[in-house]
Amino acid sequence: MVKINDNFLKLPGSYLFSTIGKKVAAFQEANPDKKIIRLGIGDVTQPLVPAIIQSLHKAVDEMGSAETFKGYAPDLGYEFLRTAIADGDYKARGCDINADEIFVSDGAKCDSGNIQEIFGLDNKIAVCDPVYPVYVDSNVMAGRTGTYDAASEKWSDVIYMPCTMKNNFAPELPKETPDLIYLCFPNNPTGSTITKAQLQEWVDYANKTGAVIIYDAAYEAYISEENIPHTIYECEGARTCAIELRSFSKNAGFTGVRLGFTVIPKELKVGDVSLHSLWARRHGTKYNGAPYIIQRAGEAVYSEAGKAQLKEQVAYYMNNAKVIFNGLKEAGYTVSGGVNAPYIWLKTPEQMTSWEFFDFLLEKANVVGTPGAGFGPSGEGYFRLTAFGSFENTVAAIERIKNI
Ligand SMILES: *Cc1c(COP(=O)(O)O)cnc(C)c1O
1 MVKINDNFLK LPGSYLFSTI GKKVAAFQEA NPDKKIIRLG IGDVTQPLVP
51 AIIQSLHKAV DEMGSAETFK GYAPDLGYEF LRTAIADGDY KARGCDINAD
101 EIFVSDGAKC DSGNIQEIFG LDNKIAVCDP VYPVYVDSNV MAGRTGTYDA
151 ASEKWSDVIY MPCTMKNNFA PELPKETPDL IYLCFPNNPT GSTITKAQLQ
201 EWVDYANKTG AVIIYDAAYE AYISEENIPH TIYECEGART CAIELRSFSK
251 NAGFTGVRLG FTVIPKELKV GDVSLHSLWA RRHGTKYNGA PYIIQRAGEA
301 VYSEAGKAQL KEQVAYYMNN AKVIFNGLKE AGYTVSGGVN APYIWLKTPE
351 QMTSWEFFDF LLEKANVVGT PGAGFGPSGE GYFRLTAFGS FENTVAAIER
401 IKNI
């Protein structure tokens with residue numbers, strides 16, 4: 001009889017956002033006249049910008065003509081997009097990344113979940129705590145994380161790097177040496193960043209210990225301050241220790257369009273085995289390429305018109321971030337994030353747990369946020385609000401919170 005992969009059964013409880021969804025639905029049913037404002041889930045709300053829409057229309061028309069029809073895309077992505085990425089995201093910042101080191105995909109969630117497949121099961125992973133849940137859960141599914149302890153909410157074989165107010169939400173080098181290190185800056189959920197000098201320490205550490213860093217730069221477009229690295233390849237030596245994940249979801253509103261990419265430099269090797277070759281082999285076997293139409297839309301992100309329009313879109317969300325940040329501060333909350341990321345991270349008041357504060361906010365202000373505990377044990381006592389709503393809703397939500 002068929003056997004299942006029982007690593008899947010080890011995953012505890014229900015998924016964070018489905019728990020939130022159920023609570024919100026129950027509240028709405030009990031209070032049908034209340035208008036709920038959602039600042040919980042990290043999904044964009046603004047429409048695609050005109051440069052992207054034009055590019056989509058053109059590509060659709062090409063698919064309808066025998067001369068320009070396209071079948072399967074190259075597994076690693078079309079040259080036009082890989083070149084636009086290499087030039088726009090890397091060469092323009094003085095980083096030595098070439099088009100053939102870029103693997104186009106349908107998003108960074110898939111890549112961040114799948115990338116662990118090219119690494120052995122006996123690797124020790126290190127994650128920030130709190131953390132984007134995909135990194136840990138995909139390793140649980142693979143069977144790399146040991147046993148789960150419900151009391152501490154920790155996996156026995158995972159190295160947790162606490163990120164709290166004490167260390168300004170920046171992880172410290174772990175005492176126990178990891179093999180795979182997941183880093184995400186600007187960070188989801190805390191909205192924190194680290195400086196180039198701090199990231200350089202991680203790169204030096206990985207090169208010294210033989211670890212690989214998986215660097216998630218999904219929020220790179222939201223960086224507003226100087227001296228915050230936009231890519232790990234700004235650091236010297238990153239080509240021999242780092243994989244970078246990128247997404248078009250947050251910088252260009254592609255959450256429903258789907259496009260992302262992973263960078264694996266050719267020098268990134270374990271012994272004499274190239275990780276670039278392993279990922280190319282994996283991609284070629286299990287993935288048939290992002291759609292032509294969508295890759296053309298991605299190319300438009302790097303056009304002059306696209307860049308100008310997207311700068312405005314990011315500014316719109318970051319204005320919301322400012323409204324949330326300043327409003328909460330005025331209301332007496334302890335807040336961080338929101339300057340280089342569309343996430344505001346606040347300390348729950350009066351020792352409330354993060355789920356207590358979730359219920360409190362839903363009931364008293366009809367505002368939905370995300371409890372910090374859902375992102376890891378060190379997220380307890382914190383709460384995440386996102387800047388991805390409309391300006392009007394954001395202003396209204398903050399007014400309500402101030403008036404509690
Ligand atoms: C939103 C997000 C992504 C992007 O995922 P896509 O699959 O490209 O939509 C990746 N990493 C983090 C941390 C995110 O918050």
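Numbering follows UniProt numbering, in which position 388 of the sequence shown is assigned residue number 388; successive positions increment by one, without gaps. Virtual Cβ for every residue (Gly too), placed ideally from N, Cα, C.
So, residue i versus residue j, is the Cβ gap smaller than 8 Å?
{"i": "A51", "j": "S303", "result": "yes"}
{"i": "A290", "j": "V134", "result": "no"}
{"i": "F388", "j": "G107", "result": "no"}
{"i": "I214", "j": "L180", "result": "yes"}
{"i": "F357", "j": "F383", "result": "yes"}
{"i": "G260", "j": "V49", "result": "no"}
{"i": "M165", "j": "E172", "result": "no"}
{"i": "Y72", "j": "Q295", "result": "no"}
{"i": "F248", "j": "G298", "result": "yes"}
{"i": "G369", "j": "G40", "result": "yes"}
{"i": "I125", "j": "P178", "result": "yes"}
{"i": "P377", "j": "K154", "result": "yes"}
{"i": "P186", "j": "T193", "result": "yes"}
{"i": "K250", "j": "V44", "result": "yes"}
{"i": "G113", "j": "S138", "result": "yes"}
{"i": "P58", "j": "Y292", "result": "Looking at the sequence itself, residue 58 is Lys, so the reference to Pro does not match. For K58 and Y292, no; Cβs fall outside 8 Å."}
{"i": "A206", "j": "R246", "result": "no"}
{"i": "I37", "j": "A397", "result": "yes"}
{"i": "D111", "j": "T262", "result": "yes"}
{"i": "H230", "j": "R400", "result": "no"}
{"i": "L183", "j": "C235", "result": "no"}
{"i": "L362", "j": "F17", "result": "no"}
{"i": "K10", "j": "Y148", "result": "yes"}
{"i": "S55", "j": "A300", "result": "yes"}
Quick check on the DSSP output: the beta strand (DSSP E) that includes residue i runs from which residue to which?
{"i": "L199", "result": "Run containing L199: none in the beta strand (DSSP E); it sits in the alpha helix (DSSP H), 196-209."}
{"i": "T262", "result": "260-263"}
{"i": "P186", "result": "Unbroken run through P186: none, as it is neither H nor E."}
{"i": "T285", "result": "From DSSP, T285 is part of no beta strand (DSSP E) but of the alpha helix (DSSP H) over 275-286."}
{"i": "R296", "result": "No beta strand (DSSP E) holds R296; the alpha helix (DSSP H) holding it covers 292-300."}
{"i": "I232", "result": "Neither: I232 is in no beta strand (DSSP E) and is coded neither H nor E."}
{"i": "Y215", "result": "212-216"}
Between residue i and the rest of its own chain, which residues show a CB-CB distance below 8 Å, the 5 nearest in sequence each way excluded?
{"i": "E117", "result": "A142, R282"}
{"i": "A86", "result": "I97, N98, A99, E101, I102"}
{"i": "K35", "result": "N366"}
{"i": "N7", "result": "V140, M141, A142, G143"}
{"i": "G379", "result": "D129, P130, P189, S354, P371, G372, A373"}
{"i": "E330", "result": "K402"}
{"i": "S274", "result": "K266, L268"}
{"i": "G146", "result": "W155, S156, D157, V158"}
Could you tell me the boundaries of the alpha helix (DSSP H) in which residue i lies?
{"i": "G332", "result": "Here G332 belongs to no alpha helix (DSSP H), and DSSP marks it neither H nor E."}
{"i": "E267", "result": "Looking at the DSSP string, E267 is not in any alpha helix (DSSP H), and its letter there is neither H nor E."}
{"i": "V104", "result": "Looking at the DSSP string, V104 is not in any alpha helix (DSSP H); the run it does join, the beta strand (DSSP E), is 102-105."}
{"i": "K35", "result": "Note, K35: premise wrong, no alpha helix (DSSP H); not H, not E."}
{"i": "L16", "result": "16-30"}
{"i": "A252", "result": "249-252"}
Take the Cβ of residue i as the centre, count every other Cβ of all protein chains shown within 10 Å, and call the residue buried at 16 or more, exposed below.
{"i": "T240", "result": "exposed"}
{"i": "P74", "result": "exposed"}
{"i": "A197", "result": "exposed"}
{"i": "P32", "result": "exposed"}
{"i": "H276", "result": "buried"}
{"i": "Y219", "result": "buried"}
{"i": "A25", "result": "exposed"}
{"i": "Y15", "result": "exposed"}
{"i": "V60", "result": "exposed"}
{"i": "N340", "result": "buried"}
{"i": "G327", "result": "buried"}
{"i": "F169", "result": "buried"}
{"i": "F375", "result": "buried"}
{"i": "I4", "result": "exposed"}
{"i": "S390", "result": "exposed"}
{"i": "G332", "result": "exposed"}
{"i": "I20", "result": "buried"}
{"i": "G271", "result": "exposed"}
Going along the chain, which residues of its own chain have a beta-carbon closer than 6 Å to the beta-carbon of residue i, five neighbours each way excluded?
{"i": "Q309", "result": "V49, A51"}
{"i": "I232", "result": "Y215, A238, A242, E244"}
{"i": "F254", "result": "F248"}
Go through its chain and collect everything with a Cβ distance to residue i's Cβ below 7 Å, but skip five positions before and after it.
{"i": "A321", "result": "G338, P342, I344, A387"}
{"i": "Y317", "result": "P342, A387, F388"}
{"i": "L76", "result": "F103, V104, A280, H283"}
{"i": "K364", "result": "I404"}
{"i": "Q46", "result": "G253, Q313, Y316"}
Practice prompt. Let me know the beta strand (DSSP E) ranges lying completely inside the segment 109-168, each 3 residues or longer, listed in chain order.
Written response: 125-129, 158-162
Practice prompt. Could you tell me which uninterrupted beta strand (DSSP E) segments, each at least 3 residues in length, are contained entirely in the segment 37-88, listed from first to last along the chain?
Written response: none
Item to complete: Could I get the ranges of all uninterrupted alpha helix (DSSP H) runs contained in the segment 322-403, with 4 residues as the minimum, in chain order?
Response: 354-365, 391-402
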